[in-house]
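In the UniProt record's numbering, the protein residues as written are 1 to 56.
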């Protein structure tokens, strides 16, 4: 249920959202549409690159 509420919030938010890579703290810009795609299958951390993702 929480994911549905979050996706509605993201849909309304058309401006860009700054996300930070949990490993190297690189800042990344995502549009609301991109975030909806990323969160469609549930929440997981977003890394800036495949290398950061695999280091964990």
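Where is the CB? At the ideal position from N, CA and C, for every residue including glycine. Since we're looking at a predicted model, the values are computed, not measured.
Buried or exposed by the 16-neighbour rule on C-beta atoms within 10 Å, applied to residue 5: Your numbering for residue 5 matches position 5 in the chain shown. Note that residue 5 scores 49 on pLDDT, short of 50, meaning its location in the model is unreliable and no value can be drawn from it.
Is residue 3 helix, strand or coil when you go by DSSP? Translated into positions along the chain shown, residue 3 becomes position 3. Because residue 3 carries a pLDDT of 46, less than 50, the predicted location of this residue cannot be relied on, and the following value inherits that uncertainty. The answer is helix: DSSP assigns residue 3 an H, G or I state.
Residue 27 - partner residues in DSSP beta bridges: Against the chain shown, residue 27 aligns to sequence position 27. Here residue 27 is bridged, per DSSP, to 20.
To which residues of the same chain is residue 3 closer than 6 Å at the C-beta, ignoring the five residues directly before and after it? Looking up residue 3 in the chain shown gives position 3. Unreliable placement is indicated for residue 3, whose pLDDT of 46 sits below 50; no coordinate value is reported for it.
Less than 8 Å between C-beta atoms, sequence neighbours within five positions excluded: which residues of the same chain meet that for residue 103? Since the first residue of the chain shown is 1 and the last is 56, residue 103 is not available in this structure.
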